[in-house]
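Working notes for the structure below.
Below is the structure:
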C-alpha cells in the first residue's frame with residue numbers, strides 16, 4: 001500500500017532517472033508512509049560489460065526522524081522476463097553512527113573563482129552498523145629479500161552506504177545536490 005504523493009522535485013528526479021520510475025516511486029512512497037520529506041537525492045548509475053548494461057538507482061530520503069535508502073537494480077529470474085528488484089532500508093537518525101562527506105576540488109588554488117576551481121567529485125558515506133567489510137592483504141616484513149609467508153593483515157570497515165558522484169559523469173547540479181544532502185544529513189545526525 002502506498003500513501004500520499006512525493007514532493008515534486010523528488011518525483012521529477014525519479015522520473016528523470018528513467019529507470020522504472022513508477023516502481024521506484026511506489027516503493028519509496030510505501031517506506032515513507034506519509035512522513036514529511038526534508039530532503040532527497042536520486043543517483044542513477046549504469047555499468048557496462050562486454051554484452052550487457054546493468055542499471056542501478058539509489059534514492060536517499062531524509063525525514064524528520066528517519067533516513068531511507070532505496071536501491072533498485074536489474075534482476076534475473078531463471079526462465080522469466082527481466083525484473084527490477086528494490087530493497088528499501090529505513091534507519092532512525094539516532095542510529096546513524098557517522099556521516100562522511102569527501103569533496104575533491106579541481107584546481108583547488110582557484111576554488112570559488114569560476115568553473116576552473118569547482119568541485120570535481122564527492123563521496124557520501126553513511127554508517128549505521130548494519131554491514132561490515134573485511135579487507136585482507138598479504139603481510140610483509142621490512143626485508144626486501146624475504147620470501148617467507150607472513151600471513152595476512154587486514155582491517156574491518158563499516159560499509160553501509162557509499163554514493164559517489166562526479167561533475168564529469170553526473171553533472172554539476174547532481175554533484176551540488178549530493179553535497180547539499182550530505183551536509184544536511186551531517187547536521188541532523190551530529
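Residue numbers (our numbering): 1 to 190.
Idealized CB from N, CA, C, for every residue including glycine.
I need the DSSP call for residue i, collapsed to helix, strand or coil.
| i | result |
| --- | --- |
| residue 1 | For residue 1, the predicted structure reports a pLDDT of 40, less than 50, and the residue's modelled location is therefore unreliable. A value from the coordinates is still provided. Residue state, collapsed to three classes: coil. |
| residue 83 | strand |
| residue 152 | strand |
| residue 35 | coil |
Where do the N-terminal and C-terminal ends of the alpha helix (DSSP H) with residue i fall, by residue?
| i | result |
| --- | --- |
| residue 178 | 172–189 |
| residue 30 | 21–32 |
| residue 16 | 8–17 |
When DSSP builds the beta bridges, which residues end up paired with residue i?
| i | result |
| --- | --- |
| residue 89 | 69 |
| residue 160 | DSSP, once it has assigned bridges, lists no residue as partnering residue 160. |
| residue 138 | 152 |
| residue 103 | 122 |
| residue 58 | 43, 71 |
| residue 166 | 121 |
| residue 98 | 127 |
Give me the Cβ distance between residue i and residue j, rounded to the nearest whole Å; I'm assuming they're in contact under 8 Å.
| i | j | result |
| --- | --- | --- |
| residue 58 | residue 43 | 5 Å |
| residue 167 | residue 175 | 5 Å |
| residue 105 | residue 111 | 5 Å |
| residue 51 | residue 101 | Not quite, the Cβ-Cβ distance comes to about 36 Å (not below 8 Å), so this is no contact. |
| residue 31 | residue 90 | 6 Å |
| residue 88 | residue 19 | The Cβ separation is near 15 Å, so there is no contact. |
| residue 65 | residue 82 | With a Cβ gap of about 36 Å, residue 65 and residue 82 do not count as contacting. |
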